[in-house]
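Engineer: Structure in structure tokens, see below.
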Amino acid sequence: MITHSRMALRAAVCCLAMAPIPNARSQGLERFIDGVVEVEVGKGSNKAKENGTGFVVSADGDTLSVLTARHLFYEGREGFTNDISVTFYLDKLNPHKAELVTDSVNLDVAVLKISRVPASVSQKLPTFSVRPDGTPLSIGDALYVLGGKSQSWQVPTVTISGLKDEDRPDRVRFTGIGIRGGFSGSALVDSNGRLAAVHLGVVESDENFGHAQRMAYAYGILKDRGVTMNRLDIGGTAMAVNPPLALNQEGGLAAVPKKLIIPGQPGSIEERQKAEAAFRRGQYYAAMPAYRQLADAGDSSAMAAVGTMYEKGGEGVPKDIRLAAQWHLKAAEAGNSAAMQTIGLDYMVGDGVPQDYAKAAYWLKQAAEAGQTMAMGAIGFLYGYGRGVPKDLEQAAFWLRKAAAAGDETAKQQLRKLGLSQ
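7 is the number of the first residue of the sequence shown in the working numbering; add one for each residue after it.
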């Protein structure tokens with residue numbers, strides 16, 4: 007079913023390989039995460055849904071307002087706003103209906119309203135301290151990206167690479183491997199825990215470069231339009247973040263070498279950029295040392311990258327699918343959802359490991375629940391034919407339909423073969 011598709015998966019793992027710190031936690035960032043939501047926008051029966059992220063900017067009783075990216079709701083001039091749902095980090099299992107109340111074409115931001123939010127959520131939301139333009143960002147600064155459910159509520163980092171986006175002083179550019187569409191509308195938080203910008207997406211369809219709207223600028227424009235934002239505090243006291251993050255194994259964050267993640271350390275940005283560039287060129291002899299340093303310290307994304315290098319083989323690194331599978335398994339065990347998908351597929355087809363449908367199902371189920379599309383289709387296949395799990399057409403239909411809705415053509419074919427309607 008998926009042998010050919012696995013090559014596409016490996017490419018995805020390459021792109022995600024240097025997302026430095028998935029699932030990071032600290033006291034300050036946890037408070038921000040409480041206010042983070044996933045936004046899902048319906049695009050009609052013939053189009054897949056759009057996923058993005060947002061964050062709460064105001065609360066009035068059980069009615070909340072969420073700031074997100076405008077382009078999630080429009081394709082050209084056509085809008086897709088009839089089916090919007092929001093899932094709160096604090097209430098991960100229950101999506102809530104939302105409506106678009108205002109947007110700005112110039113800023114690419116939009117505000118959603120969610121009514122009848124349970125008190126268990128609305129009473130626990132934080133107030134964000136907005137970084138004022140009086141304390142400007144600098145090239146090389148790190149920002150933490152707070153992603154929604156489809157991104158497994160991750161906290162990867164990006165690095166400021168430009169203080170404006172072409173001729174727009176209200177926007178900045180940043181770089182970071184594997185920047186994905188599901189992060190559009192997410193909060194970008196600086197190392198002091200302040201809300202610095204809103205993630206808008208990639209630049210020119212390049213997953214390594216993105217752009218963001220300065221939050222202080224968006225705050226002023228939206229306030230002039232009468233948008234209440236009582237969960238934002240412009241220039242207020244920043245929430246405590248143990249710079250750059252509180253390193254601990256229990257929270258899933260490895261003790262990543264500070265030289266590689268703290269802006270201002272000599273050579274840190276240069277080393278990362280050189281390693282990333284060498285990785286993309288297949289010059290693994292140059293990329294491997296930095297990735298191994300991160301992987302040996304416990305960085306799950308770097309583990310996945312090392313596995314990819316061994317699987318593909320390149321300059322300075324011999325091809326070794328068994329060693330590749332070992333690294334993918336390490337990354338999966340460390341919580342990397344892309345690696346869970348990879349090792350699950352490895353077990354499913356016997357690539358680098360003995361074929362084992364039970365182990366395949368174990369990892370693919372976790373990856374699917376974390377939002378990995380190919381894993382959704384694969385676990386649906388296993389349920390459909392009873393391989394590694396009891397045959398369950400209801401579960402098969404559930405996962406195959408989710409994969410199909412995300413554009414997985416193989417899942418659509420399996421739905422037809424199993425006699426399950428889409």
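From the three backbone atoms N, C-alpha and C, an ideal C-beta is built for every residue, glycine too.
Closer than 7 Å by C-beta to D326: which residues in its own chain qualify, once you throw out the five before and the five after it? Chain order, please.
Structural biologist: Once the five neighbours on either side are set aside, the close Cβ partners of D326 are Y316.
Engineer: May I ask you to report which of helix, strand or coil DSSP gives P295?
Structural biologist: DSSP places P295 in helix when its eight states are reduced to three.
Engineer: So, using beta-carbon positions, are L113 and A224 closer together than 9 Å?
Structural biologist: In this structure, A224 lies closer than 9 Å to L113 by Cβ.
Engineer: Residues in the same chain with beta-carbon distance under 7 Å from R122, minus the five sequence neighbours each way, listed in chain order, please.
Structural biologist: Around R122: D68.
Engineer: Got a sec? Which residues, its chain only, sit under 6 Å from L426 by beta carbon, not counting five neighbours each side?
Structural biologist: These residues qualify, in order along the chain: A403.
Engineer: Below 6 Å CB to CB, which residues in the same chain sit around R220 once its five sequence neighbours on both sides are set aside?
Structural biologist: So the list reads D176 and A203, once near-sequence residues are dropped.
Engineer: Judging by CA-CA distance, which residue of Y297, G341 and V395 is the nearest neighbour of K365?
Structural biologist: Minimum Cα distance to K365 is reached at V395.
Engineer: Excluding sequence positions up to five away, which residues of its chain have a Cβ less than 7 Å from the Cβ of S110?
Structural biologist: Here the set comprises R76 and I227.
Engineer: For the alpha helix (DSSP H) containing L228, list its first residue and its last residue.
Structural biologist: M221 to D230 is the span of the alpha helix (DSSP H), which, as asked, contains L228.
Engineer: When DSSP labels each residue in this structure, what does Y80 get in the three-state scheme?
Structural biologist: Strand.
Engineer: Any idea what DSSP makes of K371, helix, strand or coil?
Structural biologist: In the structure shown, K371 sits in a helix (DSSP, three-state: H, G or I).
Engineer: Could you tell me if K98 is buried or exposed, where buried requires 16 or more neighbouring beta carbons within 10 angstroms of its beta carbon?
Structural biologist: Looking at its Cβ environment, which holds fewer than 16 other Cβ atoms inside 10 Å, K98 is exposed.
Engineer: Tell me the residue span of the beta strand (DSSP E) that contains G60.
Structural biologist: Looking at the DSSP string, the run of the beta strand (DSSP E) that includes G60 is E56 to D66.
Engineer: In the DSSP assignment, what are the bridge partners of G320?
Structural biologist: G320 is bridged to V323.
Engineer: Answer yes or no: does any C-beta atom of chain C fall closer than 9 Å to that of A301?
Structural biologist: In summary, chain C is missing from the structure at hand, where a single protein chain is found.
Engineer: Can you give the Cα-Cα distance for T165 and R422, rounded to whole angstroms?
Structural biologist: Approximately 45 Å between the Cα atoms of the pair.
Engineer: Rounding to the nearest angstrom, what Cα-Cα distance links V42 and L70 in this structure?
Structural biologist: Their Cα atoms are separated by approximately 12 Å.
Engineer: Report the three-state DSSP secondary structure of L201 (helix, strand or coil).
Structural biologist: In the structure shown, L201 sits in a strand (DSSP, three-state: E or B).
Engineer: What does DSSP give as the partner residues of T69 in its beta bridges?
Structural biologist: Looking at the DSSP assignment, T69 forms a beta bridge with D66.
Engineer: Tell me, please, which residues DSSP counts as bridged to F134.
Structural biologist: The partner list for F134 (beta bridge, DSSP) reads L238.
Engineer: I'd like the list of long-range same chain contacts for A65, defined as Cβ closer than 7 Å, with 5 residues on each side in sequence excluded.
Structural biologist: So the qualifying residues of the chain are S128, L131, N236 and R237.
Engineer: When burial is assigned at 16 or more other CB atoms within 10 Å of the CB, is S126 buried or exposed?
Structural biologist: S126 is exposed by the Cβ-count criterion.
Engineer: Just verifying my parser: in three-state terms, what is the DSSP assignment at R170?
Structural biologist: Here residue 170 is Lys; the residue named in the question, Arg, does not match the sequence. DSSP places K170 in coil when its eight states are reduced to three.
Engineer: One question on the structure: do T93 and E46 come within less than 9 Å of each other, judged by their Cβ atoms?
Structural biologist: It is a contact, given that the beta carbons lie within the stated cut-off.
Engineer: Could you pull the start and end residues of the beta strand (DSSP E) that R179 belongs to?
Structural biologist: Start and end: R177 to T181.
Engineer: Can you tell me which residues form a DSSP beta bridge with K103?
Structural biologist: Partner(s): S91.
Engineer: Quick check on this structure: which residue in L329, A340, V323 and G320 has the alpha carbon closest to the alpha carbon of L300?
Structural biologist: Considering only alpha carbons, the answer is A340.
Engineer: Tell me whether V395 sits in a helix, a strand or coil according to DSSP, three-state version.
Structural biologist: Here V395 sits in coil by DSSP.
Engineer: Rounded to a whole number of angstroms, what is the C-alpha to C-alpha distance between S91 and R407?
Structural biologist: In a straight line, the C-alpha of S91 is about 18 Å away from that of R407.
Engineer: Going by C-alpha distance, which of Y150, R200, A116 and Y291 is nearest D139?
Structural biologist: Taking only the C-alpha atoms, the option nearest D139 is R200.
Engineer: For D414 and P142, what's the separation of their Cα atoms in angstroms?
Structural biologist: The straight-line gap from Cα to Cα measures roughly 42 Å.
Engineer: Taking the alpha helix (DSSP H) that L96 falls in, what are its first and last residues?
Structural biologist: Run containing L96: none; DSSP gives neither H nor E here.
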